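Trainee:
In the numbering used here, the protein residues as written are -17 to 195.
1) Tell whether a beta-carbon distance below 8 Å holds between residue 32 and residue 108.
2) Just confirm the distance between the C-beta atoms of residue 142 and residue 20, as a whole number of angstroms; I'd bet it's less than 8 Å.
3) I believe residue 60 touches residue 185 by the beta-carbon criterion, under 8 Å. Please report the beta-carbon distance rounded to the nearest angstrom.
4) What does the Cβ neighbour count give for residue 128, buried or exposed, with the cut at 16 atoms within 10 Å?
5) Determine whether the beta carbon atoms of residue 134 and residue 25 lie at a separation below 8 Å.
6) Rank 157, 5, -10 by C-alpha distance to the C-alpha of residue 104 and give the top, closest one.
7) Of the choices 148, 139, 131, -8, whose alpha-carbon is the least far from that of residue 34?
8) Do you know offhand how far residue 155's Cα is from residue 69's?
9) What alpha helix (DSSP H) runs, 4 residues minimum, are completely inside the stretch -6 to 49?
10) I'd like the list of long-range same chain contacts for residue 58, defined as Cβ closer than 7 Å, with 5 residues on each side in sequence excluded.
11) Taking the alpha helix (DSSP H) that residue 102 falls in, what are its first and last residues?
12) For residue 87, which residues in the same chain have their Cβ closer than 7 Å to its Cβ, ignoring the five residues on either side in sequence?
Take a look at the structure:
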């Protein structure tokens, strides 16, 4: 493994581990159940596969150079993240107004199915407009001069996907491991409120903010 590739692995690991919409959705669903958290984590990695394919095909460059198309993706991604955030805030409010321990135990405790969790993770990542910019700005810096760009780009992109397949399932398993404490009514409300607020803020930034490139 060459030094340039090792440097990329370090940089990519930091990027993947950086808290954002992907991290928040994985934590929230892992709080519902281990299966939901792991399915969400796999969905996030699936979204990265899409970005990998786009980068390899050169379509990411087209997306970034077409403001209208880029803005459309930005709005779709922002709207979806905003929906997830408002759903979390609604669930927190519903718990807070449940009234009795029995109601609180039954309200909103049904974990999302694996298919729904997988879809949430996938869409949260696939509709992230920052990803194409990130792939285009970062990957070329680690392609050695004189080497064919496509094989190296695929290798680097695959590293990102593999790191996601390690990091996000690890987060889901950790949350599930701490579930005894995290699933207490008060802790659940705090986490749902925090994740809901974070996702809502991210969604509003994407929907109302300027182009990210």
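Backbone N, C-alpha and C define an ideal beta-carbon position, used for all residues, glycine too. As the structure is a prediction and not an experimental result, all values here were calculated from the model.
Mentor: Walking through what the data contain:
1) Yes.
2) Between residue 142 and residue 20, the beta carbon gap of about 19 Å keeps them out of contact (Cβ cut-off 8 Å).
3) At roughly 5 Å, the Cβ-Cβ gap stays under 8 Å, so residue 60 and residue 185 are in contact.
4) Exposed, since its Cβ has fewer than 16 Cβ neighbours within 10 Å.
5) No, the pair does not count as a contact, with Cβ atoms beyond the cut-off.
6) For residue 104, the nearest C-alpha among the options comes from 5.
7) Nearest C-alpha to residue 34: 139.
8) C-alpha separation (whole angstroms): 23 Å.
9) With a minimum length of 4 residues, the continuous alpha helix (DSSP H) runs that stay inside the stretch -6 to 49 are 3 to 14, 16 to 39, 41 to 47.
10) Excluding sequence neighbours, residue 58 sits near 109.
11) Note, residue 102: alpha helix (DSSP H), 96 to 108.
12) Model confidence at residue 87 stands at a pLDDT of 45, short of 50, so the residue's coordinates are unreliable; what they give is reported in the following sentence. Same-chain partners within the cutoff: there are none.
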